[in-house]
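Residue numbers are given in my numbering: position 136 of the sequence shown equals residue 136, and the series is strictly consecutive.
Every residue, glycine too, gets a C-beta built ideally from N, C-alpha and C.
Since the structure comes first, as C-alpha cells, the remarks are kept for the end.
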Amino acid sequence: MSGQPLVMGVVNVTPDSFSDGGRYDDPERAIAHARQLLAQGADILDVGGESTRPGATRPLLAEELGRVVPVIEALAADGALVSVDTMRSEVAARAIEAGAQIVNDVSGGLADPAILDVVAGAGVTYVAMHWRAHSDRMQQFTSYADGGGVVATVRAELAERVDAIRAAGIADDRIVLDPGLGFAKLPHHNWELLRGLDALADLGFPLLVGASRKTFLGRLLEGPDGEPRPVAEREAAGVALSALLAVGVGAAPVWCLRVHDVRAHRDALAVAAQWSRQNADRAATGKERA
Ligand code: PMM
C-alpha cells in the first residue's frame, strides 16, 4: 500500500465506555491520558463524551458538553489535531469553536441531521460511520440478508449517507467513511467487512476503521467456557489486525486506525512498514535487504 495509516487515539471522557469505561471520566484525567497518547505517536486525538457500547443510554447534552469541551480546548491549545466523537450538532459546534478540526459522527448524520450543516459551515473534516440505531437497541438491527450481504448493504447505506453529506455542502475532500465495526453487527459481519474493505474504498473516500478491543475480537478469543475474552485482554488481537490492515493483505488500504493503546499499534505499523519496504525492494532488485 502507499503510505501508512494514521493512528487516532481514543480519549473517552465517559463513566461507562465499554473499552476503558470510567478511567478517564474527568477532564483532567482525560487530558493527561490524551497527552500520553500524543507522546506515543497518535496523529489524531478522538475526544468523546458519549459511550456507544451496546446497551448504553445517552448522556444529557449538558453532560456531554461538560465532558468534551474543556478537554478539546486544552489539547487544541497544545497544537494537537483533535476530532470530536459526537452525534449531536450542538456538541460538534462547540467542539469546533474549542479547536476540533474533525467531527467523528458514529451515526453518519442520522441521529441529528443538523450536524451536517455545522460541519459544512465550518469546513472541517467529517467521519461518517455506518450506523442503524442508538446503542440501546442497535443489536435489534443486525439483519443484512435482504441487501446482498453485509458488505453490499453497508456500502449502499454509506452511499446514501454520502448523498446527504454532499447535499449539505460538505466537500468530497472532507469526507471519510467507516464501516462501523460492532455497531448493529454480529461478529461474522465485522470479519466480512474487514475482508470487503475494497468495496467500501471503491466509494472513493478514505476509510477509518475502529476494531480496537471490540466484542468480535473477544468472541474470536473466547475461552472453553464460551465466554468472550475480557475487554482488557483483547489488545494483542487488535494489534495483529492493525498490522494486517497496514500491509493491506487482500483488503484496501486504510487511511486511519482508531485505537486505544497507541504505542502498541504504532509498533504494529512499524513492523508492517518494514515488511512492505522489503517486499518493494525485493520486487525492484530481486534481492533482499541485508
Ligand atoms: N467505535 C466506538 C466509538 N466511536 N468512531 C468511529 N469512527 N468508528 C468506530 O468504530 C467507533 C467510533 C466505540 O468504541 P469505544 O467505546 O472503544 O470508543
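- Excluding sequence positions up to five before and after residue 200, its CB lies within less than 8 Å of the CB of 151, 154, 155, 158, 177, 179, 193, 207, 252, all in the same chain and listed in chain order.
- Going by C-alpha positions, residue 241 is about 35 Å away from residue 61.
- Beta-bridge partners assigned by DSSP to residue 125: 102.
- Note that the C-beta distance between residue 102 and residue 127 is below 8 Å.
- The Cβ atoms of residue 239 and residue 211 lie no closer than 8 Å to each other.
- 34 is the residue among 34, 162, 197 whose C-alpha sits nearest the C-alpha of residue 75.
- The beta carbon of residue 25 sits closer than 7 Å to the beta carbons of 13, 14, 15 from its chain, once the five residues preceding and following it are set aside; these are given in chain order.
- Residues of the same chain with a CB within less than 6 Å of the CB of residue 216, apart from the 5 flanking positions on each side, are 187, 190 in chain order.
- The Cβ atoms of residue 105 and residue 138 do not sit closer than 8 Å to each other.
- Residue 32 and residue 135 have their C-alpha atoms roughly 28 Å apart.
- Counting only runs of at least 4 residues, the segment 205–289 fully encloses the following alpha helix (DSSP H) elements, listed from N- to C-terminal order: 215–220, 235–247, 262–285.
- Between the beta-carbon of residue 71 and that of residue 47 there is about 5 Å, and that keeps the pair under the 8 Å contact cut.
- In this structure, residue 119 lies away from residue 44, with their beta-carbon atoms at least 8 Å apart.
- Remark: C-beta atoms of residue 38 and residue 80 approach each other more closely than 8 Å.
- Residue state for residue 44 is assigned as strand, using DSSP reduced to three classes.
- Taking the CA atoms as reference points, residue 52 sits about 44 Å from residue 283.
- Beyond the five residues adjoining it in sequence on each side, residue 232 comes within less than 7 Å, by CB distance, of no other residue in the same chain.
- Note that the C-beta distance between residue 64 and residue 41 is not below 8 Å.
- Exposed is the label assigned to residue 57, since fewer than 16 other Cβ atoms lie within 10 Å of its Cβ.
- If you look at residue 38, you'll find it in the alpha helix (DSSP H) that goes 27–39.
- Note on residue 258: 16 or more other CB atoms within 10 angstroms of its CB, so buried under the neighbour-count rule.
- Counting only the Cα atoms, residue 278 lies some 10 Å from residue 286.
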